[in-house]
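Visitor:
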Amino acid sequence: MKKHIGLVVKDEDNARQQADRFERWLVNKGLTVIRRQIGTPGGKRSEGSRKQAPKSLSCVFVLGGDGTFLSAVRWIGDQQIPIIGVKFGEVGFLAETTEDRLCEVAEAILEDQFTIRPQMRLQVQALREGVEIARESAFNDVVINKGALARLARIRTHIDDQFLTDYRADGLIVATNRPLMVPDSATIKIQLAEDTSDIMLTCDGQVGLKIDDRDTIIISKSPSPVQMITLPDQNYFDVLKAKLKWSGGRV
């Protein structure tokens, strides 16, 4: 049976050209390629990018930056499809490899020479007067923030139903692995004070919901982690040094 490979590409000249070459390379190996173009010069997404990835995909290659990777994660959804990012541009913290190694890395993946590192996602529920009005997931962060002209928001926060604090702030970010650490088994509950208005909830900067003081936001660990492909010759600290341009020559 033919393998199906997903290819998610940033709509930018270099990424498109590399994707064209890579797609031909895959087809020449007898593989079927399902391609999605993310974004356009006018800032719109292609119609195809909003459809969910087919279950038949063996893995997904992402050619672009972190924003493209987050779009690909949303395209995959809760399906346990392995994914790997290919860095284009200056910083790509979600990328495992670079464009100059793309075919070499793909050859290893096609021969099953890789491992999977499940990466936690957040599950987000929005309840309005106790009734669920939205359910989303986020790989990077969930942001609750006020409009440009709104006053400071008053945001009541609980951890595992234990009251934490009332924040008076422009907003609140709940992220995977950030400074105020709670265990990934914890459930975070967020409510707005009655005098708070013009507030948006966003997940990974990609989907948004206007919320108000009737709403309760519940954030917990998603049961569907992202299946990140890791390569045997990649060391986390080597990747980190390359991304941050650490030379190691100065103390």
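Residue numbers (this note's numbering): 6 to 256.
Note that the Cβ used here is the ideal one computed from N, Cα and C, for glycine as well.
What you are looking at is a predicted structure, and each value in this text was computed from that prediction instead of being measured.
(1) With respect to the beta strand (DSSP E) encompassing R159, which residues constitute its N-terminal and C-terminal limits?
(2) If distances are taken between C-alpha atoms only, which option among D209, Q118, A131, T235 comes closest to I288?
(3) Have a look at L211 and S76 and give me their C-alpha separation to the nearest angstrom.
(4) Measure how close the beta-carbons of P230 and P123 come, nearest whole angstrom, since I'm counting them as under 8 Å.
(5) Between the Cα of L36 and the Cα atoms of I216, D165, L12, which residue gives the shortest distance?
(6) Does the distance from the CB of F93 to the CB of K15 come in under 8 Å?
(7) Which of the three DSSP states, helix, strand or coil, is assigned to N150?
(8) With I39 and Q232 assumed to form a contact (beta carbons below 8 Å), what rounded beta-carbon distance in angstroms separates them?
(9) Can you tell me whether F144 is helix, strand or coil according to DSSP?
(10) Assuming L157 contacts R173 under a Cβ cut-off of 8 Å, what Cβ separation, rounded to an integer in Å, is found between them?
(11) In the DSSP assignment, the beta strand (DSSP E) including Q167 goes from what residue to what residue?
(12) In angstroms with no decimal places, state the Cα-to-Cα distance between T235 and R140.
(13) Any chance the CB of K8 is under 7 Å from a heavy atom of the ligand HEM?
(14) So V147 and V129 are supposed to be a Cβ contact under 8 Å. How far apart are they, rounded?
(15) Going by Cα to Cα distance, which pick from T103, K194, G152 is closest to L89?
(16) Looking only at its chain, what residues have a beta carbon closer than 6 Å to the beta carbon of K8, apart from the 5 residues adjacent to it on each side?
(17) My output table needs one value for L197: the three-state DSSP class, helix, strand or coil.
(18) Relative to the C-alpha of D18, which residue among S61, I160, I43 is closest?
(19) If we require 3 or more residues per run, which beta strand (DSSP E) segments fall completely within the region 58-98?
(20) Under a Cβ-count criterion, where at least 16 other Cβ atoms within 10 Å of its own Cβ denotes burial, should T170 be classed as buried or exposed?
(21) So the candidates are R106, L107, V91; which of them puts its Cα closest to the Cα of A100?
(22) For Q130, name the three-state secondary structure that DSSP assigns.
(23) Out of W30, F66, I81, which one is the CA nearest neighbour of S142?
(24) For L31, which option in T201, I195, V110, E199 has the closest C-alpha, if you only look at C-alpha atoms?
(25) Identify whether D25 lies in helix, strand or coil by the three-state DSSP scheme.
(26) For L236, which of helix, strand or coil comes out of DSSP?
Guide: In short:
(1) 158-164
(2) Since the first residue shown for the chain is 6 and the last is 256, residue 288 is missing from the structure and cannot be characterised.
(3) The question names Leu, yet the displayed sequence has Gln at residue 211. Taking the straight line joining both Cα atoms gives about 8 Å.
(4) Contact holds; Cβ gap of about 4 Å.
(5) Nearest option by C-alpha distance: L12.
(6) yes
(7) In this structure, DSSP gives N150 an extended state, which the three-state scheme calls strand.
(8) About 17 Å; that fails the 8 Å criterion.
(9) coil
(10) 5 Å
(11) Counted as a single uninterrupted DSSP element, the beta strand (DSSP E) harbouring Q167 occupies residues 167-174.
(12) 29 Å
(13) The ligand HEM is not part of the structure shown, which contains no ligands of any sort.
(14) 5 Å
(15) With the sequence shown as reference, residue 89 is identified as Ile, and Leu is not the correct amino acid for it. Closest by alpha carbon: T103.
(16) L36, S63
(17) strand
(18) I43
(19) The region 58-98 contains these whole beta strand (DSSP E) runs: 62-69, 87-92.
(20) exposed
(21) When C-alpha distances from A100 are compared across R106, L107, V91, the shortest belongs to V91.
(22) Correct three-state label for Q130: strand.
(23) I81
(24) V110
(25) helix
(26) coil
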